[in-house]
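Novice:
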Amino acid sequence: MPAATPASGGWRGWRGRRPFWGGVLVLLGGAEILFTLRAPLPVVLHIGMQGLAGYLVPVVMTVCGVLILLNPAQRLFYSVLAVLSSLASWITSNLGGFLVGMIIGVLGACLTFGWLPDQPPRRRRLRRPPATKAPGPAEA
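FYI, my numbering numbers position 49 of the sequence shown as 33, with every residue one higher than the one before it.
1) If you scan the region 40 to 90 from start to end, which runs of the alpha helix (DSSP H) of 4 or more residues do you find wholly inside it?
2) Determine whether the beta carbon atoms of G81 and G49 lie at a separation below 8 Å.
3) Looking at V67: is its Cβ nearer than 8 Å to the Cβ of V90?
4) Quick one: what's got a C-beta closer than 7 Å to P104's C-beta in the same chain, skipping five residues either side?
5) Compare the beta carbon distance of V38 and S77 with 8 Å and say whether it is the shorter of the two.
6) For V41 and C94, I'd like the C-alpha separation in whole angstroms.
7) Going by beta carbon distance, what residues of the same chain come within less than 6 Å of V44, once the five residues before and after it are set aside?
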């Protein structure tokens, strides 16, 4: 079965035309922060506003992750919004989902910001065989 090229479509072609991993990481970061807000843990920290902002920030992150995947033309705006909301989750949402969601969101936003469209796909690098070491003066 031949592999799908970006021109022929398919899953790999769709994924190759957008900052896929950046969008997925932003989406997962927002979902993790939402999960820690609703977790029935006795150690949940109540820092910052526990009203609307605690839920609004991770929802904005999750929506940014979906929009990065669906509308890659506006990736720069969505990535800036995602990194700002990830950093805002430190104050509003249990220290950014106990740091995990915040770090995942910032990493995904950085991957999205740095993604360049219209680049030829990279070819896997062939591993060079290990260089044979010529015998030195001490080994001869």
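Here a beta-carbon is modelled for each residue, glycine too, at the ideal position from N, C-alpha and C.
Specialist: Reading it off the structure:
1) Unbroken alpha helix (DSSP H) stretches of 4 residues or longer found wholly inside the region 40 to 90: 59 to 76 and 78 to 82, given in chain order.
2) Within the sequence shown, residue 81 is the residue found at index 97, counting from 1. Within the sequence shown, residue 49 is the residue found at index 65, counting from 1. Contact: no.
3) Within the sequence shown, the letter at position 83 stands for residue 67. Within the sequence shown, the letter at position 106 stands for residue 90. For V67 and V90, yes; Cβs fall inside 8 Å.
4) Here residue 104 refers to the residue found at position 120 when the sequence shown is read from its first residue. Cβ within range, chain order: n/a, list empty.
5) By 1-based counting over the sequence shown, the position of residue 38 is 54. By 1-based counting over the sequence shown, the position of residue 77 is 93. At residue 38 the sequence reads Gly, which differs from the Val that was named. Taking C-beta atoms as the reference points, G38 and S77 count as a pair closer than 8 Å.
6) Counting from 1 along the sequence shown, the entry for residue 41 is found at position 57. Counting from 1 along the sequence shown, the entry for residue 94 is found at position 110. Rounded to whole angstroms, V41 to C94 spans 18 Å at the Cα level.
7) Position 60 of the sequence shown, counting from 1, holds the residue named residue 44. Cβ neighbours of V44 beyond the five flanking positions: S69.
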